[in-house]
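Here is the structure we will look at.
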Amino acid sequence: MTDWTTLTAPDAARIEAMARDALAALPPQFATHAEGITIHVAEFAPEEVLDELQIDDPFELTGIYDGIPLTEKSVSDQPAQPDIIWLYRRPLLDEWASRGNVTLAELVGHVVTHEMAHHFGWSDDDIASIDRWWE
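So for the sequence shown, this note's numbering puts the first residue at 11; every next one is plus one.
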């Protein structure tokens, strides 16, 4: 029997490690394009991000891609920042607990893969067609 009184929720560093494992597990044809991706973990999305996406409940956003998709990049681009996948710890933990049918590493991997699809320039409709199996 597990003594739940001694356990704590995974911190941002542990979730980042799960995300890095997910990136490392990408098939070779995608892995080279993921090399420059930075992973950041925050407790919640900032208000300005939620406002821009018209999301009222901060628990509804588990991650977001912040960058220029590969399909829109040019060799003459001088990016101001690296491409970033933001993961939001509290919403991830909340979804994981409410689902109860996946491990936290699987959920983090799914969100990372979803956000990588945005990096590759896939549309929300393309991603939704792939996401249907997950739900």
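Just so it is clear, CB atoms sit at the ideal spot from N, CA and C, and this is done for glycine as well.
(request) Compute the distance between the beta-carbons of Ala52 and Leu71, then report whether it is under 8 Å. (result) The residue labelled residue 52 in the question sits at position 42 within the sequence shown. The residue labelled residue 71 in the question sits at position 61 within the sequence shown. For Ala52 and Leu71, no; Cβs fall outside 8 Å.
(request) Throw me the rounded Cβ distance for the Thr48 and Ile94 pair, which I believe falls under 8 Å. (result) Along the sequence shown, one-based indexing puts residue 48 at 38. Along the sequence shown, one-based indexing puts residue 94 at 84. Rounded, the Cβ-Cβ distance is 5 Å, consistent with contact.
(message) Measuring only the C-alpha atoms, how far is Ile25 from Ala19?
(response) Working through the sequence shown from its first residue, we reach residue 25 at position 15. Working through the sequence shown from its first residue, we reach residue 19 at position 9. Roughly 10 Å separates the two Cα atoms.
(message) Does the structure place the segment 26-35 close enough to the segment 109-128 that three or more beta carbon pairs sit under 8 Å?
(response) yes
(request) Along the alpha helix (DSSP H) that carries Ala46, what are the first and last residues, could you check? (result) Locating residue 46 in the sequence shown gives position 36, where the first residue counts as 1. A quick correction: the sequence has Gly, not Ala, at residue 46. First-last for Gly46: undefined, no H or E at that position.
(request) Provide the residue(s) that pair with Gly73 in DSSP beta bridges, ordered along the chain. (result) Against the sequence shown, residue 73 aligns to sequence position 63. Gly73 is bridged to Leu97.
(request) Note down the Cα distance separating Leu97 from Glu62, rounded to an integer number of angstroms. (result) Your numbering for residue 97 matches position 87 in the sequence shown. Your numbering for residue 62 matches position 52 in the sequence shown. Whole-angstrom Cα-Cα distance: 17 Å.
(request) Measure the beta-carbon distance from Gly77 to Val121 and round it to whole angstroms, keeping in mind my assumption that it falls under 8 Å. (result) Here the question's residue 77 lines up with position 67 in the sequence shown. Here the question's residue 121 lines up with position 111 in the sequence shown. With a Cβ gap of about 16 Å, Gly77 and Val121 do not count as contacting.
(request) Pull up the CB-CB distance for Arg99 and Ala22, whole angstroms please, since I reckon it's below 8 Å. (result) By one-based count along the sequence shown, residue 99 stands at place 89. By one-based count along the sequence shown, residue 22 stands at place 12. 6 Å between Cβ atoms; contact.
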